[in-house]
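Protein chains: 2
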Amino acid sequence: MFSKSCNYAIKAAIFIAKHSLEENKVGFVDIAKEIDSPQAFTAKILQILVKSGIIDSVKGVNGGFYIPKKNIATTYLVEIVDAIDGDAVFHGCGLGLSQCSETHPCPVHDKFKSIRDELAHMLETTNLEELALGIKSGETFLKSL
Amino acid sequence: MFSKSCNYAIKAAIFIAKHSLEENKVGFVDIAKEIDSPQAFTAKILQILVKSGIIDSVKGVNGGFYIPKKNIATTYLVEIVDAIDGDAVFHGCGLGLSQCSETHPCPVHDKFKSIRDELAHMLETTNLEELALGIKSGETFLKSL
DNA sequence: TAATTACATGATTTCGAAAACATAAGGAAT
DNA sequence: ATTCCTTATGTTTTCGAAATCATGTAATTA
Ligand code: FES
Ligand code: FES
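Protein chains in written order, with my numbering: chain A, 1 to 145; chain B, 1001 to 1145.
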């Protein structure tokens, strides 16, 4: 569905959001540990999120990554997916045609499009706050057992 | 969404189905041309479809691949996806956890599951005949312009 | 039964995402 | 000002899917 990078990015963002709700910053080493991802690779993905304006960072002692509190509830998953994987998920052809088109559709265009649109709607309406709260309450988890 | 191999497999199956509706067999060279895929690689994927019992083949002069006419309307996309990509599409976690679980769910489990189930339902109810007829009538296409 | 056609299969190569490595740069604390 | 902690960035390596190459096998036809 999404690339590995994108999966890491979503999990990292949720983890950062959880800490930001309590006004704390977190370093990439801790993030990598918590979401079970390679450290160096995670650091790269975090840079993309910073450049995309989804998260902020502070260097130096007691530095780390964070999300301004007022942004947590207004940051939606679609922004993360778009920053990492681009818009292929939302506009690409389900059978890999170079472009999805109404006038030159592939055999599964209609059926695929409705599912793709639902996925997009889900990503557009799911924000980091609700996901972070799920982690905090222990209902959901960021890594396997 | 699906792997490239799986995209090729679906397109190939539709193309074969179209010809099988008219009692014709097609060779892998023609298939590769029609669906715009690498010949040798396509041949491999066709073998998997044969072994999975989705299509049949006949060697020798005037040989080729085909689908018994009575099977065309009862062959569903889910069989092809399952044969090529396996069941990760239907049972895998949307965030890449080693396994999707109700008791140890990832943050997007509930939301993701409903979309995944719709995709599964779509694949389980879409058969090759309807897709082949779309190609035949010129409404849909197997390759880009 | 030899020639031809077309599918079948294993080995090898290519390519890009994923991961790791090495080094630079910035900011806080003292 | 200096030191140390932490993020930032460019380069290299790894790994597996994708694609190709080379050869084998079966069936039809003349
Ligand atoms: S053309 Fe294939 S999904 Fe639209
Ligand atoms: S656990 Fe992630 S989708 Fe079910």
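The beta-carbon is built from N, C-alpha and C at its ideal position, and this holds for glycine as well.
Going by C-alpha positions, histidine 121 of chain A is about 14 Å away from aspartate 1110 of chain B.
One Cα belongs to leucine 1049 of chain B, the other to lysine 1069 of chain B, and the distance between them is close to 16 Å.
With respect to leucine 1123 of chain B, valine 1081 of chain B sits close: the two C-beta atoms are nearer than 7 Å. Among the residues of chain A, those whose CB is under 8 Å from the CB of isoleucine 1115 of chain B are Ile115, Glu118, Leu119, Met122, following chain order. Within 6 Å of the C-beta of histidine 1109 of chain B there is at least one heavy atom belonging to ligand 2.
Neighbours of glycine 1096 of chain B in chain A, taken as residues at a C-beta separation under 7 Å, are given in chain order as Lys4, Asn7.
In the DSSP assignment, valine 1029 of chain B falls within the unbroken alpha helix (DSSP H) covering 1028 to 1035. With a cutoff of 6 Å, glycine 1094 of chain B counts as near ligand 2, since its C-beta is closer than that to a heavy atom of the ligand.
Rounded to whole angstroms, the gap between the alpha carbons of phenylalanine 1028 of chain B and alanine 1040 of chain B is 9 Å. Under the DSSP definition of a beta bridge, aspartate 56 of chain A partners with A/Tyr66. Distance from the C-beta of phenylalanine 1090 of chain B to the nearest heavy atom of ligand 2 is not below 6 Å. Using a cutoff of 6 Å, the CB of proline 1105 of chain B counts as near ligand 2, since one of the ligand's heavy atoms is closer than that.
Proximity of chain B to glutamine 99 of chain A at the Cβ level (cut-off 8 Å) is accounted for by Ser1144, in chain order. Any Cβ of chain B closer than 7 Å to the Cβ of lysine 18 of chain A would place that residue at the interface, and such an atom is absent.
Taking a Cβ-Cβ threshold of 8 Å, none of the residues of chain A is close to proline 1038 of chain B; the smallest such distance is about 13 Å.
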